[in-house]
Structure formats: C-alpha cells, structure tokens
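S.K.: After the structure tokens below, expect a handful of questions from me.
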Amino acid sequence: SLKRKINLYICFSIIGVALVSSGLFFYKYSAELNNSIMKRLSIGAHHAKNCIDMNSLARIHEEGFSSSDDYKNTLVRFKEIEQSFGFSSIYVCVQESGHITFACDSGDYQSNEDLSFLTEYTDAPQQLAECFSSGQEQTAEYTDKWGPTKSLFYPVKDSSGNVRFVIGADYSIGDVRRE
9 SLKRKINLYI CFSIIGVALV SSGLFFYKYS AELNNSIMKR LSIGAHHAKN CIDMNSLARI
69 HEEGFSSSDD YKNTLVRFKE IEQSFGFSSI YVCVQESGHI TFACDSGDYQ SNEDLSFLTE
129 YTDAPQQLAE CFSSGQEQTA EYTDKWGPTK SLFYPVKDSS GNVRFVIGAD YSIGDVRRE
C-alpha cells in the first residue's frame with residue numbers, strides 16, 4: 009500500500025540521516041581530538057625545551073654526567089611535565105655519527121634498571137631523523153619496543169640555527185584511544 013511505502017521511505021530516510029550525521033560527528037570529533045593531542049604534545053615539548061641547559065647536555069659523554077645534579081634536575085622536570093600532560097614519556101635525543109641516542113628520558117627518573125641514557129634508539133621512527141635533518145617539528149604514529157605511540161619531535165637549535173637535540177613527547181596510542 010501507499011501508506012506503507014511512505015512509512016518505509018520515512019524510516020529509511022531517518023536512518024540514513026542518522027548514519028550520515030553520526031559519521032560526520034565522529035569525523036569532526038576525531039579531528040578535534042587529534043588536534044588537541046598534537047597541541048598538548050607541542051606545548052609539553054616547548055616546556056621541556058625550557059628545562060634544558062644546552063651547555064649541560066653538551067657534556068653528556070663526560071664521566072659521571074648521568075649522576076650529576078644538572079642531569080637529575082632535568083629528569084625531575086621532565087617527569088613533572090610527563091605527569092602533568094599525561095605523556096607516556098618525554099625525552100631528548102642527540103644524533104652523532106648517524107646514530108640517534110637518548111640523552112635524557114623521563115622514564116629514567118628514579119629508575120634503577122633499563123636506563124636509556126646514551127643508548128641508541130634502534131627502532132626510531134623516520135620522522136625523528138627528519139627532525140634532525142630538516143630542523144622542523146615532526147609528528148609520527150608508530151610502534152617501537154615501548155608499543156604503539158603518537159609522538160611529536162621538536163628540534164632544539166643552537167645560536168647558529170643547527171639542531172643540537174630533539175625533544176620527543178609521546179602519548180601511548182592505547183591511552184589516546186581511551187580518551
């Protein structure tokens with residue numbers, strides 16, 4: 009009957025509109041969530057930059073540097089940033105002879121094992137190397153030995169404009185999905 013066809017048409021129209029609206033809402037929400045996450049990573053990395061004494065970190069290869077007050081104070085400040093922003097980690101890397109190495113990592117704060125100080129980041133994402141070479145902030149989603157991660161890499165330059173260090177700010181993708 010005509011009445012039944014009209015009712016079916018109205019029902020399918022409502023369902024179609026609801027599906028399209030839901031899809032648009034999800035897309036917009038996802039984009040806003042991603043923008044919010046990237047903004048928080050960027051702000052956290054900028055805060056970390058203000059904690060770094062470039063002259064102090066230039067001495068990372070000196071005997072006893074990892075037990076120095078300068079290094080310990082940097083770890084404390086990094087841990088505070090990690091906790092206040094909800095990061096899984098915040099760290100500084102250096103690039104020497106084509107190898108990317110950890111110079112400071114919030115995960116080393118009050119840790120007696122698995123220290124990353126001066127260990128090579130063997131499964132670093134390509135965007136970290138690009139940050140060193142381009143001097144531009146980079147973002148990445150990748151999986152390394154710490155699991156699926158969303159990161160921002162922020163270059164720290166000397167007075168001549170050369171990249172001395174790169175700050176990495178990470179969110180665990182599992183934590184991001186729970187948000």
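Each residue of the sequence shown is one higher than the one before, counting from 9 in the numbering used here. Glycine is no exception: its CB is placed at the ideal position from the N, C-alpha and C atoms.
#1: Could you check the C-alpha separation between Glu-187 and Lys-158 for me, to the nearest Å?
#2: Rounded to the nearest angstrom, what separates Gly-176 and Phe-73 at their Cα positions?
#3: So does the segment 20 to 36 actually touch the segment 123 to 133, counting three or more Cβ pairs closer than 8 Å?
#4: Would you check if the distance between the CB atom of Phe-161 and the CB atom of Ile-60 is smaller than 8 Å?
#5: Taking the beta strand (DSSP E) that Ile-82 falls in, what are its first and last residues?
#6: Taking the C-alpha atoms as reference points, what is the distance between Tyr-143 and Lys-165?
#7: Give the straight-line distance between the Cα atoms of Glu-70 and Leu-126, rounded to the nearest whole angstrom.
#8: What residue range does the alpha helix (DSSP H) around Ser-9 cover?
#9: Identify every run of the beta strand (DSSP E) within the segment 100 to 183, keeping only runs that are complete inside it and at least 3 residues long; order them along the chain.
#10: Could you compute how far the alpha carbon of Val-102 sits from the alpha carbon of Ile-23?
#11: Would Ser-114 and Gly-155 be called neighbours here (beta carbons separated by less than 8 Å)?
#12: Just to confirm my understanding: we take Asp-152, look at its own chain, exclude 5 residues before and 5 after, and list those with CB closer than 6 Å. What are they?
#13: Given that a residue counts as buried once 16 or more other Cβ atoms are within 10 Å of its Cβ, and exposed if not, what is Asp-178?
#14: Would you please state the rounded distance, in angstroms, between the beta carbons of Ile-108 and Ala-56? I believe it to be under 8 Å.
M.R.: If we stick to the structure as given:
#1: Within the sequence shown, the letter at position 179 stands for residue 187. Within the sequence shown, the letter at position 150 stands for residue 158. Only weak support is given to the placement of Glu-187: the predicted model assigns it a pLDDT of 49, under 50, and the question is left unresolved by the model.
#2: Within the sequence shown, residue 176 is the residue found at index 168, counting from 1. Within the sequence shown, residue 73 is the residue found at index 65, counting from 1. Whole-angstrom Cα-Cα distance: 21 Å.
#3: no
#4: The count along the sequence shown starts at 1 and reaches residue 161 at position 153. The count along the sequence shown starts at 1 and reaches residue 60 at position 52. Their beta carbons are not under 8 Å apart, which means Phe-161 does not touch Ile-60 by this criterion.
#5: For the purposes of this step, residue 82 is taken as the residue at position 74 of the sequence shown. Reading off the sequence, residue 82 comes out as Thr, not Ile. No beta strand (DSSP E) contains Thr-82, which is instead part of the alpha helix (DSSP H) from 77 to 93.
#6: By 1-based counting over the sequence shown, the position of residue 143 is 135. By 1-based counting over the sequence shown, the position of residue 165 is 157. Looking at the sequence provided, one finds Gly at residue 143 rather than Tyr. If you take the alpha carbons of Gly-143 and Lys-165, they lie about 8 Å apart.
#7: To locate residue 70, count along the sequence shown from 1; it is residue 62. To locate residue 126, count along the sequence shown from 1; it is residue 118. C-alpha separation (whole angstroms): 11 Å.
#8: Here residue 9 refers to the residue found at position 1 when the sequence shown is read from its first residue. Careful: Ser-9 lies outside any alpha helix (DSSP H) and carries neither H nor E.
#9: 107 to 113, 146 to 152, 155 to 165, 171 to 180
#10: For this step, residue 102 is matched to residue 94 along the sequence shown. For this step, residue 23 is matched to residue 15 along the sequence shown. Whole-angstrom Cα-Cα distance: 55 Å.
#11: Translated into the one-based positions of the sequence shown, residue 114 becomes position 106. Translated into the one-based positions of the sequence shown, residue 155 becomes position 147. Contact flag unset, no.
#12: If you number the sequence shown from 1, residue 152 lands on position 144. Cβ neighbours of Asp-152 beyond the five flanking positions: Asp-131.
#13: Residue numbering aside, residue 178 sits at position 170 when the sequence shown is read from its first letter. Buried, since its Cβ has 16 or more Cβ neighbours within 10 Å.
#14: In the sequence shown, counting from the first residue as 1, residue 108 sits at position 100. In the sequence shown, counting from the first residue as 1, residue 56 sits at position 48. Not a contact, Cβ separation roughly 17 Å.
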